[in-house]
Structures are given as structure tokens and as C-alpha cells.
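First up is the structure itself, then whatever we jot down about it.
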Amino acid sequence: MAYLSYSNAIGEGSVHGQHVQHVPFPTTTGSSTPYLLHGNLDIWVKSAKNLPNLDMINKSLGDVFGKLSGKLMNKVETSDPYVTISVGGAVIARTFVIEDNEDPVWDQHFYVPVAHYGTEVLFVVKDSDVVGSELIGGVAVPMEPVASGARLDATYPVLGPNGRPCNPGALLSLSIQYIPIESISLYRGGVGSDPTHPGVPGTYFPVRRGGRVTLYQDAHVYHGMLPDLWLANGMMYQNRQCWRDIFDSIVQARRLIYITGWSVYHLVQLVRDDPNLPNTCLGELLKVKSQEGVRVLLLVWDDPTSTTILGYRTEGVMGTGDDDTRRYFKHSSVHVLLCPRSAGKGSWANKKETGTIYTHHQKSVVVDVEAHNYKRKLIAFVGGLDLCKGRYDTPHHTLFSTLETIHKDDFHQPNFTGNLAGCPREPWHDLHSKIEGPAAYDILRNFEERWRKASKRHGIHKMKHSFDDSLLQLDRIPDIVGIDESCTIEENDPESWNVQVFRSIDSNSVKGFPKDSRQASSMNLVCGKNVLIDMSIHTAYVKAIRTAQHYIYIENQYFLGSSYNWAHYKDLGANNLIPMEIAMKALAKRNRRFMIYVHSKGMIVDDEYVIMGSANINQRSLEGTRDTEIAMGISASIYMGKQIRCSVLQIFGYRMSLWAEHTGTLEQCFEQPESLECVRRIRWMGELNWKAFESDEMVPLRGHLMKYPVQVDRLGKVRSLPSCETFPDMGGKIIGTFTGLQENLTI
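Here my numbering is used: the first residue of the sequence shown is 36, the next is one more, and so on.
Quick look at the structure:
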């Protein structure tokens, strides 16, 4: 008999989602042997009957106060039930709430990816309250029949804390079937080359065909800075200059410039290598464009620690400069909307947590450019591109040599305090992209949904000026082509891309999600407590990893998740599947995978598919109710027999260019990253650079790639290397420490 302890430490009522599910009573008499589920669970939560009325006490109190006031409420108050589903303690799905109903009918379908160990699939029925929720009872389906793959369609008694039905005749009707990953055709054809499964199914935005994509590394790449790279079609791979392209696009805009950012700083110089350009300051450029009649809208995260009260300014912990940007554009025709991270409904503590700790982390630039026949079209830039201090860098990532040139007025070093004279700047590496074609209009839609939500005034703020009418109605502007006319090139063109937009965001941050939770599934949204969630970035990562055939290459600032399978801190709630999926992929004998973790927010799979955006690989970025994020996934439209498409070659060239930056060279073995030769060579380079980095002797490094200085024993225990427990110069434990504050900030 399985006994589970009750834990509400990361409570169900939390506005940032549900993570851990325990009940305080035995739920099954099945086997206690854990089974590994790796695949999908096909679940229907149908209905419940004869649930108890947990609102009876509240109703009685309401009647008492009603009599005192001479009024009695006619509304029948009873439980507001919903169901959570968990495996191994990790919540994997949740139904919508049905108010005041003891015989609720959900008829809600879930098709959930799983990579979990467990002894049962646990269905917990709860009563939703304004703050938190009350446990009604639970149903546990033993894992042994589930793991067999048979469809289980039955009605189960809902057990209460005493191990008996929570109410006479209380029942939950459901069906469940496990489909192992080997049986799912979606994952068989490869990540980018399967014409029967283009894109990622079950997401808010569909895959868009006929697009054009430009991939960037860092803010700027000077000509000749990286080794020449020849592609199989005889063309040389060309590195583009991201910030220069953004500058040129803004200059050419005639109708709109919409920018979202964690930070947008008006004093940033976009171009720093062209003396013929008199002024490339972002703020002045946007003012000029707005005076020309271009609609310029900035949607920037409102850092709650950055304030101005009675003329006294507080810089803010994160140093985003949001108040400075707002003041700079205050009396101009540029509209700046500082947007706090709102929690919507919930307790005061949860609202405070969300507003203080979590952020709007999306980064995008949408502008109109010249199209055919004297028309205009939209393009969008997406990636890690915060247009703010400290982000302009090149693949050389110098520390001192550019302090009097391109970084003269852009010194950024948050790791030191006090007098910074003689300190090195902080190098910054990131990935970016430019999207042309229909998917750019999805980036626009994201901006519009967020702007409409953020510009809506509440309470006394309704008296203030509203920015709700600032958005252009593009369907009323005849010279801007619509999404159906925006295909840049034909689908069978060798340079054509499939492009799909993904997000991590919830209904507290956008206007456009359905108000009725019953409609969530029709828009591929997930139900949370008092919130609907778009988790498509997580969906895209899982699909790409599962379909990988040869290699997975990840650049990300963080790599954290699957805490339900940790040896310790299992209840942290970092339940994203990414680390577990990669571990399962590495264990598959037919595929030995290779990964490198650096500092960006992208993934390349098999030189066929790229995911890139603002999202880190942690719960903050992937859950959908914490930080807001945006990303895109791209692949070649189709394969033309044995002909290699230009778009596929561009992904290969992009990865090779990144590796040239990180390793300082190009070697033939890099062309087959899944080969043992390549794995050993990269590992050797990383180990060599680490030894040089930690040495007291000044030794020039070849590239920037270093093997992380830890060792892992046969049991998976991670330790620092002998006599190397802290980082050179900077200090700080290599294996880190755990604190509650760290949990909220990084997990």
C-alpha cells in the first residue's frame, strides 16, 4: 500500500502553477515497484459524482451575515471542483474549475509527454477557493496496468483522508492509456526532414511556410573575425551583423516600430564601426522616426525595485534603466509602456512574489520594410537581443582592448562593486534571428496581445491616459500586406523555411485568451488556477529532443529541471522535462548524444532544426506563469531528393560558425558532431582551456570553451575537482550552494 505525505509548500493556489502533488492518505493497494514511463499519456477526465460540499461552512457563515444585514443570498454555494494529475509527485495536467457543482462533467482531454518514474498515476480532486484550495479526495491508478499500454476506462471511488470514499457514492470517471515513445510516429521521421509532421503540433501558433530566416551570433561580427567556412554548395557562409540590421530596418521603417524587452536603454549605440553615420543612438533614432509619422511603441518590463518618489530615484536591483527610458521619451511621440509582471487573481503573498521575482523576459523588434509592388511587409527580430547596456559584443569577447573604442560609453560589469577602474568588462554572448514572412505576423500578434493587456487601466488608474488605441489597425492600412500575402519566397524554393513561434506566457499577461477555460484546449492552452497558459516553448524543446537522430547542441544560460527525479529537493517543482529527456536520449544505445552548454538561449538538432529565443532552460522560463518568453523554431520547408537545401546548409554553417567562435578554430571532425572523434576533440579542448584558465601563469586561451570543472562518479554524485572548489579570481563555489532565495530566482 502506497502512502504519500501531504505537502503544500509550493501550494496549489500558487499563481506560478502547480508543481508537487501529495495526498495524506493511502490511495492504492497496487505494487510499490516504480515503473518508468517515457512517451505520452492519453488521458480523459470525464466526470465526477456525489462530491462533498466543502463550501458548507462558508455558506453557513454567509447565511448568518445575510440575516444580520436583512439579506439572504439565493445562490447555491457548493464545491468548485477540479482535478490535478501527477506521476511520481510531479503534476502533469490540470482540469478547469467547474463552479458550484457536486456532479461536475469535464470531458477534458490531455495528451501529455512523460519521462517519469512512479508507482501510480494520481488523480486528486480539489475544491478551488479564492485563495488556495481544499482537498476533496484522490484516485490512484496503479502503474503496472498503465505501463502495459492497455487503455483503462473506468469509474473509481474518490477516497478521502480515512481511506474511504470522501462522500457516499463519490466517483471519478476517467480513461488513461500510455503510449511508449517507440510507438509514436511523430518522433520517428527526424526533427526537420519529415514532411508528414512539419513543425510542432498542439501549439498556439501554427507552423508557417514560405519564410526567410537570418541567424546571428552576438551583436556584431566584423568581416574576417572568424575563419572562412565553405558550404557544400560552393558558397561561403556569411555572418550577418545583427545590430546593424536592426538599425537599418528601423531607419527604413515607414509605418511601425514595436519593441519588447526586459530592458531597452535609450543611450545604446546600435552601430559602432561606421564613422559615416552621425548618430546611431537608439533613443534619438526612435524619436526621429516617430516625428516622421512612424508609430513607435516600447513595451518594457517595469522593474519594481526601480522607483522615483518625490524626485528621489532608486536605480533598481537589476539595473534595467526602465525609469530612465520612460523619462527620456516622456514628452515625445514615442509611446513607452512599463509593464509590471502581474499575477492576476490569488493571494496577496502570491501576487507579491510574482510581481517582485518574475519578469517580462521577451525580446523582439517588429518593423515594416519594403515589399513588392510598392507595398510594405513586416519583419521581426527575436532572440536574446536586449537593446541595452553591456549587450554589444563580438565573437572575440574582449575584456580590456575595446574599453576606449566600441565600449567607451558602454562599460558593463555587474560582478564587482565599488571603484571599477581597471576592471574588465563583462563579455556577452547571445543568439538572435530575423524572420521574414508569415511568422513575423505572429510576433506582431504577441506584441498586440501583450500591449492590450498592459494598457488596460484598472481602478483609479482609469482616469489616466490609456495607450490602448496606440496600436495600428493594419487591416486598414492598404500598403501593408497581410499575413496571407507575406510569403517571402515559394515553398519549393531552396531557401524556404518553415517557421513557428512559441511562447511561455499566461492570461495575466495577454489579452486574447478565452475567458472560458473550457475553450482552452481549442487554442492549445493549459489550465492553471485562475489562469490559462501557453507553454509551447517547452513543447517545442521536448519534440525536438525526442526526434533527434544524430546530435543535440544546446547553448543556454541555465540548464535546470526534472527535479521530480533528483536525489534531493524533489519537491522544488522544477518539473520541465528537458534534462530528463536528454538523459533518456543519451541512454538509448542507438544514439549517443553530445551537448555543450554556454550562455545563450538556443538549440540546434541534427543541423536540421533550430530553436532560438529569450527562454532559458529552467522552470522560470518554461512554465508559462513565471517569466514571459518568446522563441521561434525553424526547419527547411521540404527536402528535394538528394539535393541539399540552402536552408539546411545555413543551419550547418551557423553551428560551425558558433563552434569556430567557441573553440578558436575549424576542424574537419566538427562536420560530424555525433562522432566519437568530435566528442573527444571538443572535450580535450575544453579541458585544456580550463587548465590554462585556472593556472597562475598567464596563458592565452584558444577560443572560450571550457569543460565545467566538476567530476561525476559512477553513482551520479557531482563534486568539484580536487584542489579546485572555487572559481579563480572571482570566487564562489563551483558546485554552488542551495538557498531559498536562489530557488525562486533561478529555478
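Cβ coordinates follow ideal geometry from the N, Cα and C atoms, glycine included.
In angstroms with no decimal places, state the Cα-to-Cα distance between residue i and residue j.
i	j	result
aspartate 308	glycine 318	19 Å
aspartate 69	threonine 154	Residue identity check: residue 69 is proline in the sequence provided, not aspartate. Their Cα atoms are separated by approximately 4 Å.
tyrosine 827	valine 248	For residue 827 there is no data in the structure shown, the boundaries of the chain being 36 and 782.
serine 34	tyrosine 117	With the chain covering 36 to 782 only, the question about residue 34 has no answer from this structure.
isoleucine 120	proline 744	39 Å
histidine 432	histidine 464	8 Å
isoleucine 515	leucine 86	56 Å
serine 552	arginine 480	21 Å
leucine 595	aspartate 504	41 Å
histidine 739	leucine 420	21 Å
tryptophan 719	lysine 443	36 Å
threonine 582	proline 473	25 Å
proline 763	lysine 726	11 Å
threonine 389	lysine 380	11 Å
lysine 322	phenylalanine 282	14 Å
asparagine 626	isoleucine 78	Legend: pLDDT at asparagine 626 = 40, less than 50; position of this residue unreliable, value from coordinates given subsequently. In a straight line, the C-alpha of asparagine 626 is about 30 Å away from that of isoleucine 78.
methionine 353	alanine 666	23 Å
proline 793	arginine 460	Residue 793 lies beyond the range of the chain shown here (36 to 782); nothing can be said about it.
valine 174	proline 200	10 Å
Would you say residue i faces chain D, with C-beta separation under 7 Å as the test?
i	result
threonine 440	In the structure shown, chain D does not exist; there is a single protein chain.
For residue i, count the other beta carbons within 10 Å of its own beta carbon; 16 or more makes it buried, fewer makes it exposed. Which is it?
i	result
serine 220	exposed
glutamate 471	buried
cysteine 759	exposed
glycine 195	buried
histidine 467	buried
valine 747	exposed
arginine 268	Residue identity check: residue 268 is asparagine in the sequence provided, not arginine. Classification of asparagine 268: exposed, given that the 10 Å Cβ count is below 16.
serine 399	buried
lysine 677	Because the pLDDT of lysine 677 is 45, which lies under 50, any placement of that residue in the model is unreliable, and the number read from its coordinates should be weighed accordingly. The residue in question, lysine 677, is exposed, as its Cβ has fewer than 16 Cβ neighbours within 10 Å.
leucine 434	exposed
lysine 365	exposed
leucine 103	Bear in mind that the predicted position of leucine 103 carries a pLDDT of just 45, short of 50, making it too unreliable to give a figure here.
glutamate 179	exposed
tryptophan 601	exposed
On the three-state DSSP scale, how would you describe residue i?
i	result
phenylalanine 728	helix
tyrosine 632	Below a pLDDT of 50, predicted positions are generally treated as unreliable, and tyrosine 632, at 29, falls in that range; no measurement from the model is reported.
lysine 491	coil
methionine 198	It should be pointed out that residue 198 corresponds to glycine in this sequence rather than to methionine. In the structure shown, glycine 198 sits in coil (DSSP, three-state: anything other than H, G, I, E or B).
tryptophan 336	strand
methionine 270	coil
arginine 553	helix
cysteine 522	coil
valine 734	coil
isoleucine 219	coil
asparagine 543	coil
asparagine 75	strand
glycine 390	helix
cysteine 713	helix
tryptophan 784	As shown, the chain starts at 36 and ends at 782. That puts residue 784 outside it, with no answer to give.
methionine 260	coil
glycine 101	Reliability fails at glycine 101, whose pLDDT of 47 lies under 50, so the model's placement of it is uncertain and no value is given.
asparagine 481	helix
isoleucine 613	helix
phenylalanine 145	strand
asparagine 85	coil
methionine 353	coil
isoleucine 782	coil
What residues match up with residue i in a beta bridge as DSSP calls it?
i	result
tryptophan 532	Gly246 and Ala671
lysine 469	Thr249 and Phe416
methionine 570	Ser539
arginine 129	Thr119
proline 744	DSSP lists no partner for proline 744.
histidine 395	Thr663
TODO: Report yes or no: do three or more beta-carbon pairs, one from the segment 478 to 491 and one from the segment 541 to 550, lie closer than 8 Å?
DONE: Yes, the segment 478 to 491 touches the segment 541 to 550.
Open item on the list: Taking 8 Å as the cut-off, does the segment 239 to 253 touch the segment 515 to 533 (at least 3 CB pairs, one atom from each stretch)?
Closed with: Three or more Cβ pairs drawn from the segment 515 to 533 and the segment 239 to 253 lie within less than 8 Å of each other, which places the two stretches in contact.
TODO: Spell out a yes or no on whether the segment 283 to 300 and the segment 331 to 345 are touching, meaning 3 or more CB-CB pairs, one atom from each, closer than 8 Å.
DONE: Yes: the two stretches touch, three or more of their Cβ pairs being nearer than 8 Å.
Task: At least 3 beta-carbon pairs within less than 8 Å: the segment 572 to 590 vs the segment 611 to 618 - done: The segment 572 to 590 vs the segment 611 to 618: in contact.
Open item on the list: Using a Cβ distance threshold of 8 Å, determine whether the segment 656 to 666 contacts the segment 693 to 706, with at least three qualifying pairs required.
Closed with: Contact fails: fewer than three Cβ-Cβ distances are below 8 Å.
Task: contact_flag[the segment 68 to 84, the segment 128 to 147] where n(CB pairs < 8 Å) is 3 or more - done: Yes, the segment 68 to 84 is in contact with the segment 128 to 147.
Task: Cβ contact check for the segment 555 to 569 and the segment 265 to 281: 3 or more pairs under 8 Å - done: Inter-segment contact for the segment 555 to 569 and the segment 265 to 281 is absent: fewer than three beta-carbon pairs are separated by less than 8 Å.
Open item on the list: With three or more beta-carbon pairs closer than 8 Å as the criterion, would you say the segment 559 to 574 touches the segment 127 to 134?
Closed with: Contact between the segment 559 to 574 and the segment 127 to 134 is present, because at least three Cβ pairs lie under 8 Å.
Task: Segment contact flag, the segment 395 to 415 with the segment 354 to 362, C-beta cutoff 8 Å, min 3 pairs - done: They do not touch, by the three-pair rule.
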